[in-house]
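Engineer:
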Amino acid sequence: MLCLPVITADLGSQLVHDYERAVLFKLGKMQGKDAKGPGVYFTVPCIDTFVKMDLRTTSLDIPPQEVLTRDAVTLSVDAVVYYRVTEPTAAVGGVRHLAQSVRLVAGTSLRSAMGVRELQDLLSDRQSAAKATQVPDLVPHLYSDNMSRDG
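Numbered according to the UniProt record's numbering, the sequence shown spans residues 1 to 151.
1. If D54 sits next to Y82, beta carbons under 8 Å apart, how far is it from one beta carbon to the other, in whole angstroms?
2. For the beta strand (DSSP E) that A79 lies in, which residues bound it at each end?
3. At the level of alpha carbons, what is the spacing between Q120 and T108?
4. Taking the beta strand (DSSP E) that A22 belongs to, which residues open and close that run?
5. From P64 to T57, what does the alpha carbon distance come to, in whole angstroms?
6. I'd like the list of long-range same chain contacts for E66, defined as Cβ closer than 7 Å, with 5 residues on each side in sequence excluded.
7. By the 10 Å Cβ neighbour count, where 16 or more other Cβ atoms means buried, how is R21 classified, buried or exposed?
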């Protein structure tokens, strides 16, 4: 008899670390406007859904992209994206796969930023080319605070 409440309490408890925030859904509806902070939270199985969002800076590797420069030269450019989520409820409620969305938008913006420059400009002034791809508010609809690239 005593074993049953312990098993039930274990199934309904969720641990949220200092670097995480949790968004609680009750019967599919988001509960509250703010995400839950660090601590232990109890959920009702089959009624509550718990989605954790990591607030640490995350890095993504952008695979090599074929870029056509303004002077019609084809280049292969790769990059690394660093982003950090600041609004977990908006990120969970607004984007299905955040990392994949950031990767796709970063690849598109990388091709776009490199496509308006000539090859000579890219080779001679690499710092300026790198700065052109660093746009902090590139994707405000993805609810990440800062997104920068090194390529």
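Note that the Cβ used here is the ideal one computed from N, Cα and C, for glycine as well. Keep in mind it's a predicted model, so treat the numbers as computed, not measured.
Structural biologist: With the structure as the only source:
1. Wrong, their Cβ atoms sit about 13 Å apart, outside the cutoff.
2. Segment 74 to 85, the beta strand (DSSP E) holding A79.
3. Their Cα atoms are separated by approximately 22 Å.
4. According to the DSSP assignment, A22 belongs to the beta strand (DSSP E) that extends over 20 to 26.
5. In this model, P64 and T57 are separated by some 22 Å (Cα to Cα).
6. Sequence-distant partners of E66 (beyond 5 residues in either direction) whose C-beta falls short of 7 Å from its own C-beta, in its chain, are T74, S76.
7. It counts as buried.
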